[in-house]
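Written below as structure tokens is the structure these notes are about.
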Amino acid sequence: MMMRVLTLMASATLLTACEGGGDPVEQALREEAANNHAEAEFARQQQATVRAAAEAEHQTRLDRLDRDIAVAQAALNAAPDPAARAAAQASLDQARADRTALAAGR
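Here the sequence shown is numbered in the numbering used here, starting from 10 and rising by one per residue.
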């Protein structure tokens, strides 16, 4: 009879352990730690996404200024008169200054 009671108690203990039993405070701490970890990972991923978007926007602006410089240089090379050359040179100078400022502000 005593052996049966011990076997039954051991089985009940094993079932409780398998079902996530144990100290409720420890379980709550584990759950809280898991939630904190998940929130921290989510925040890290959000920051990485924002950083990648900002870098892509910065690169897009640089590419646009590079295109403006190429167009202004082509206009300068093809300008037939001094007024057109002056306008093309001013546009080229402004585009180069904007690109330098943008690249330095990174």
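From the three backbone atoms N, C-alpha and C, an ideal C-beta is built for every residue, glycine too.
With distances taken between CB atoms, is the gap from residue 96 to residue 74 smaller than 8 Å?
No, the pair does not count as a contact, with Cβ atoms beyond the cut-off.
Secondary structure of residue 52, DSSP reduced to three states
In the structure shown, residue 52 sits in a helix (DSSP, three-state: H, G or I).
What's the call for residue 38, buried or exposed, on a 16-neighbour Cβ count within 10 Å?
Exposed, because fewer than 16 other Cβ atoms sit within 10 Å of the Cβ of residue 38.
Quick check on DSSP: helix, strand or coil for residue 72?
For residue 72, the three-state secondary structure derived from DSSP is helix.
For residue 107, name the three-state secondary structure that DSSP assigns.
Residue 107 falls in the helix class under three-state DSSP.
If you measure between the beta carbons of residue 78 and residue 101, is that distance less than 8 Å?
In this structure, residue 101 lies closer than 8 Å to residue 78 by Cβ.
Please state the DSSP three-state secondary structure of residue 100.
Of the three classes helix, strand and coil, the one that applies to residue 100 here is helix, per DSSP.
Let me know the secondary structure DSSP gives residue 95 once reduced to three states.
Looking at residue 95 - three-state DSSP - the assignment turns out to be helix.
Output needed for residue 87: all residues of its chain with C-beta closer than 6 Å, excluding positions within five of it in sequence on either side, in chain order.
The beta carbon of residue 87 sits closer than 6 Å to no other beta carbon from its chain once the five residues preceding and following it are set aside.
Assign residue 63 to buried or exposed, taking buried as 16 or more other Cβ atoms, counted over all protein chains shown, within 10 Å of its Cβ.
When all chains shown are included, residue 63 counts as exposed.
Helix, strand or coil for residue 88 per DSSP?
Three-state DSSP puts residue 88 in coil, outside helix and strand.
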